[in-house]
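Trainee:
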Amino acid sequence: MSQYTSLSNHPGPVVADLRSDTVTKPCAAMRAVMADAEVGDDVYGEDPLINRLEASLAERLGKEAGLFVPSGTQSNLLGMLAHCGRGEEVIAGESYHVIRYEAAGASVLGGVALHALPVADDGGLEPDAISAAVKEDDSHHPISRLLSLENTNYGRAVPLARINAAVNAGRSAGLSVHLDGARFFNAITTLGCSERDLADPFDTVSVCLSKGLGAPVGSVLLGPTDLLAKARRMRKMLGGGMRQAGILAAAGLFALENNVSRLSEDHARAAALADHLRKLELGDVSQATNMVFLTPAAGIDLAVLSEQGIALSAPAPACRMVLHRDIDDAAFSAILRAFDDMAEARVPA
Numbered sequence: 000m001s002q003y004t005s006l007s008n009h010p011g012p013v014v015a016d017l018r019s020d021t022v023t024k025p026c027a028a029m030r031a032v033m034a035d036a037e038v039g040d041d042v043y044g045e046d047p048l049i050n051r052l053e054a055s056l057a058e059r060l061g062k063e064a065g066l067f068v069p070s071g072t073q074s075n076l077l078g079m080l081a082h083c084g085r086g087e088e089v090i091a092g093e094s095y096h097v098i099r100y101e102a103a104g105a106s107v108l109g110g111v112a113l114h115a116l117p118v119a120d121d122g123g124l125e126p127d128a129i130s131a132a133v134k135e136d137d138s139h140h141p142i143s144r145l146l147s148l149e150n151t152n153y154g155r156a157v158p159l160a161r162i163n164a165a166v167n168a169g170r171s172a173g174l175s176v177h178l179d180g181a182r183f184f185n186a187i188t189t190l191g192c193s194e195r196d197l198a199d200p201f202d203t204v205s206v207c208l209s210k211g212l213g214a215p216v217g218s219v220l221l222g223p224t225d226l227l228a229k230a231r232r233m234r235k236m237l238g239g240g241m242r243q244a245g246i247l248a249a250a251g252l253f254a255l256e257n258n259v260s261r262l263s264e265d266h267a268r269a270a271a272l273a274d275h276l277r278k279l280e281l282g283d284v285s286q287a288t289n290m291v292f293l294t295p296a297a298g299i300d301l302a303v304l305s306e307q308g309i310a311l312s313a314p315a316p317a318c319r320m321v322l323h324r325d326i327d328d329a330a331f332s333a334i335l336r337a338f339d340d341m342a343e344a345r346v347p348a
């Protein structure tokens, strides 16, 4: 069953939406800067706030250039297409978003092969597996061109030492390296490292603004100027060229300036929720950064929580619960009460 569950059949008002951190809505202050945004035509390179967003995030991550795009999926796709030609190959983890949740866009639209590797328990890839996956120079095989890593992966912040070991294996085999950093800032919050510490090993980095940071739309692809020029051309080809999109860039700038430092609050609530669920003995529980995973015990039906206004993803087999900036103290208390009520109503085995 898909983890993506619509609210169309939800029985009543939603008190707390734990399906994803993509469900956040712009706060009043963010809406105000969006309303006042100075705009221009971005396809002509004339939108001042998009230019500022691209330049400022590139500076923060130590990259030459940035490219604002509508979604993280398009950002990853443009990164892969900029690195790879038809008949070339991306090596990535089998549970990584570029493999599992992006409709094989690089293959469908770019003729790029995707080679999936097993993912370790910490979300990383084993260097030996990377080295073994690189193809020899033989006309029977695609040309291995790019290693794509992910941080975080299912909430797990992959340690820098593991990231660097994987990157080094890729570099030794002549690969370029891309990072799907959809939750880049969640990763550095947990790892306690700087933005550049995580970004430096990679040629290109994709950063999402519309997940934990709370902007309504957008990701930024960062990397070398020449590669980003290729990606910009492909963005237009894919229909991603936007016009007066500074309204969206204003939201992204606000998010970067105001919402990075508060991610630790989401992580703390996730840890508290995980501890609470363990005490209630409702099933197997794990937690990493802002995510909690619950595999319900026999006889536990999480669907009943919807009656108390708690929106959840369908277990598959674990239910992913994502804490985010729209889960305030009141919403969090409602979540705990709902699980308490479920535990009290449980019929003993």
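Residue numbering for the sequence shown follows numbering that gives the first Met the number 0, starting at 0 and increasing by one per position.
Ideal placement from N, C-alpha and C gives every residue a C-beta, glycine not left out.
CB-CB under 8 Å to residue 293, same chain, minus the five flanking residues each way: which ones, in chain order?
Mentor: So the qualifying residues of the chain are 276, 281, 282, 283, 284, 301, 314, 317, 318, 320.
Trainee: Name the residue from 322, 161, 84, 29 whose alpha carbon lies nearest to the alpha carbon of residue 154.
Mentor: When each option's Cα is compared against that of residue 154, the closest is 322.
Trainee: Whole angstroms is fine: what's the gap from residue 83's alpha carbon to residue 89's?
Mentor: Rounded to the nearest angstrom, the two C-alpha atoms are 8 Å apart.
Trainee: Taking Cβ to Cβ, would you say residue 143 is nearer than 9 Å to residue 172?
Mentor: The answer is yes: Cβ separation under 9 Å.
Trainee: Just how far apart, CA to CA, sit residue 196 and residue 80?
Mentor: The straight-line gap from Cα to Cα measures roughly 25 Å.
Trainee: Is the beta carbon of residue 149 less than 9 Å from the beta carbon of residue 179?
Mentor: Yes, Cβ-Cβ distance for residue 149 and residue 179 is below 9 Å.
Trainee: What is the rounded straight-line gap between the Cα of residue 258 and the Cα of residue 213?
Mentor: Spanning the two alpha carbons is a distance of roughly 7 Å.
Trainee: Below 9 Å between beta carbons: does that hold for residue 299 and residue 337?
Mentor: Not in contact: residue 299 and residue 337 (Cβ atoms no closer than 9 Å).
Trainee: Taking just the CA atoms, how far does residue 209 sit from residue 45?
Mentor: Approximately 23 Å, taken between the alpha carbons.
Trainee: Distance, Cα to Cα, residue 105 vs residue 73?
Mentor: Each residue's alpha carbon lies about 10 Å from the other.
Trainee: So, at 6 Å on beta carbons, what are the nonlocal neighbours of residue 152 in its own chain, with the 5 sequence-adjacent residues on each side left out?
Mentor: Once the five neighbours on either side are set aside, the close Cβ partners of residue 152 are 122.
Trainee: Name the one or two DSSP bridge partners that residue 286 has.
Mentor: Residue 286 pairs with 291.
Trainee: Between residue 342 and the rest of its own chain, which residues show a CB-CB distance below 6 Å, the 5 nearest in sequence each way excluded?
Mentor: Same-chain partners within the cutoff: 279.
Trainee: Thinking C-alpha only, which one of 288, 236, 304, 264 is nearest residue 76?
Mentor: Ranking 288, 236, 304, 264 by Cα distance to residue 76 puts 236 first.
Trainee: Please name the residue in 330, 241, 265 whose C-alpha comes closest to that of residue 70.
Mentor: Answer by Cα proximity: 241.
Trainee: Going by C-alpha distance, which of 101, 202, 247, 215 is nearest residue 225?
Mentor: For the residues 101, 202, 247, 215, the minimum Cα distance to residue 225 belongs to 202.
Trainee: Who does residue 206 pair with in a DSSP beta bridge?
Mentor: Answer by DSSP bridge pairing, in chain order: 180, 219.
Trainee: Which residue marks the beginning of the alpha helix (DSSP H) containing residue 253, and which one marks its end?
Mentor: Run containing residue 253: 245-257, per the alpha helix (DSSP H) assignment.
Trainee: Nearest by alpha-carbon distance to residue 26: which of 260, 254, 265, 263 is it?
Mentor: The shortest C-alpha separation from residue 26 is found at 254.
Trainee: Would you check if the distance between the CB atom of residue 288 and the CB atom of residue 182 is smaller than 9 Å?
Mentor: Yes. Within cutoff.
Trainee: Going along the chain, which residues of its own chain have a beta-carbon closer than 6 Å to the beta-carbon of residue 29, five neighbours each way excluded?
Mentor: For residue 29, where only same-chain residues beyond five positions count, the Cβ hits under 6 Å are 250, 253.
Trainee: If you reduce the DSSP assignment to three classes, tell me which class residue 92 lands in.
Mentor: Residue 92: strand per DSSP, three-state reduction.
Trainee: Name the two residues that bound the continuous alpha helix (DSSP H) containing residue 331.
Mentor: That run of the alpha helix (DSSP H) goes 328-344.
Trainee: Below 9 Å between beta carbons: does that hold for residue 256 and residue 61?
Mentor: No. Outside cutoff.
Trainee: If you count every other CB in all the chains shown that lies within 10 Å of the CB of residue 328, and 16 or more means buried, which is it?
Mentor: Residue 328 is exposed by the Cβ-count criterion.
Trainee: I'd like to know whether the C-beta atoms of residue 219 and residue 65 end up nearer to each other than 9 Å.
Mentor: Going by C-beta atoms, residue 219 is nearer than 9 Å to residue 65.
Trainee: Roughly how many whole angstroms lie between the Cα atoms of residue 49 and residue 204?
Mentor: Spanning the two alpha carbons is a distance of roughly 17 Å.
Trainee: CA-CA distance, residue 102 and residue 215?
Mentor: Straight-line Cα distance between these residues: approximately 22 Å.
Trainee: For residue 239, which residues of its own chain have a beta-carbon under 7 Å away from its beta-carbon, when the five flanking residues on both sides are left out?
Mentor: 68, 69, 73.
Trainee: With distances taken between CB atoms, is the gap from residue 91 to residue 128 smaller than 9 Å?
Mentor: No, they are not a contact pair.
Trainee: By the three-class DSSP mapping on this structure, what secondary structure does residue 299 have?
Mentor: DSSP places residue 299 in coil when its eight states are reduced to three.
Trainee: Beta-carbon within less than 8 Å of residue 167's beta-carbon, same chain only, minus the 5 sequence neighbours each way: which residues are those?
Mentor: Counting only Cβ-Cβ distances below 8 Å, and skipping sequence neighbours, we find 126.
Trainee: Between residue 36 and residue 245, which are expected to be in contact by the criterion C-beta below 8 Å, what is the C-beta distance as a whole number of angstroms?
Mentor: Indeed they touch by this definition, with Cβ atoms about 5 Å apart.
Trainee: Thinking C-alpha only, which one of 52, 312, 175 is nearest residue 207?
Mentor: Here the closest residue by C-alpha is 52.
Trainee: At what residues does the alpha helix (DSSP H) containing residue 161 begin and finish?
Mentor: 159-171 is the extent of the alpha helix (DSSP H) around residue 161.
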